[in-house]
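I have placed the structure first, in the form of structure tokens, so that the comments after it can refer back to it.
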Amino acid sequence: MLEPSQASSKSSDSKNNHIRCPVSSINKNSGDLSPKKLDSFDQNLQGLSNKREISSIPKANGKEGEYWIYPSERMFFQAMRRKNWNPRINEMQFIVPIHNAVNEQVWREILSWEKGWGSEMCGGPKLVEFEGKSSKMSPKARWLKYLGYKPPFDRHDWKIDRCGKEVTYIIDFYSGKKEGDLLSFYLDVRPKLSINGAWMRLIRVFEDFFQKKKDL
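Going by the numbering used here, the first residue of the sequence shown is number 281, and it counts up by one from there.
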């Protein structure tokens, strides 16, 4: 059964309420998006902040204590426009915080999965790179769609560093019910299906089963 985590935020009136990430990928070689590169795309934007928020997500292959940085309103707007998503300047103040909050929730879910798998020995897991794969449905999402569930509106693959070992997590993003001004997102976060990933998933099933029996 699908039991994803939920993240809710205030919505704007945008028809792009699903808040798909306009950044296709960031890797260990390219690092954070360069404000200089994106600002050269249009110097005449008004009302968009250049302020960037530092995430709680540690950066692999970086200096000790270095964290990933989210794009500013201006950078996010320009990335959306490059993909022809018809963004509106006055909506960035809503969309960017939602985008950041959803990514923070994803990281909390990854930290939950990583507990007990050794990353505590080297200061915890760190994000190496992520890749947007909205056009490539995961096997689980395809199966759920076959069973009658709505397909996810976006998919990311996040690669993390676990003390020198790279582990990939798949994140499917589902839209939830809108309640008033609240826009809900359901996140299905799990390790990619591999030998290690299958073992992690199996152990999680047993842990959840015995926890439920304990709570009865």
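For glycine and all other residues, C-beta sits at the position ideal for the given N, C-alpha and C.
Test item: CB-CB of residue i and residue j under 9 Å
| i | j | result |
| --- | --- | --- |
| residue 404 | residue 394 | yes |
| residue 370 | residue 335 | no |
| residue 433 | residue 415 | no |
| residue 449 | residue 438 | yes |
| residue 436 | residue 411 | yes |
| residue 367 | residue 356 | yes |
| residue 451 | residue 409 | no |
| residue 385 | residue 482 | no |
Minimum C-alpha distance to residue i - residue among the options
| i | options | result |
| --- | --- | --- |
| residue 474 | 454, 447 and 333 | 447 |
| residue 339 | 487, 425, 423 and 406 | 406 |
| residue 332 | 343, 353 and 347 | 353 |
| residue 383 | 348, 355, 326 and 456 | 348 |
| residue 401 | 452, 453, 443 and 328 | 443 |
| residue 421 | 392, 469 and 385 | 469 |
| residue 329 | 376, 431, 346 and 360 | 376 |
Outcome for residue i when other beta-carbon atoms lying within 10 angstroms are tallied against a minimum of 16
| i | result |
| --- | --- |
| residue 441 | buried |
| residue 465 | buried |
| residue 445 | exposed |
| residue 429 | exposed |
| residue 480 | buried |
| residue 492 | exposed |
| residue 350 | buried |
Extent of the continuous alpha helix (DSSP H) to which residue i belongs
| i | result |
| --- | --- |
| residue 368 | Per DSSP, residue 368 belongs to no alpha helix (DSSP H) and is neither H nor E. |
| residue 459 | Note, residue 459: premise wrong, no alpha helix (DSSP H); not H, not E. |
| residue 358 | 353 to 362 |
Residues bridged to residue i [DSSP beta-bridge criterion]
| i | result |
| --- | --- |
| residue 429 | Answer is none; residue 429 lacks a bridge partner. |
| residue 347 | 338 |
| residue 446 | 441 |
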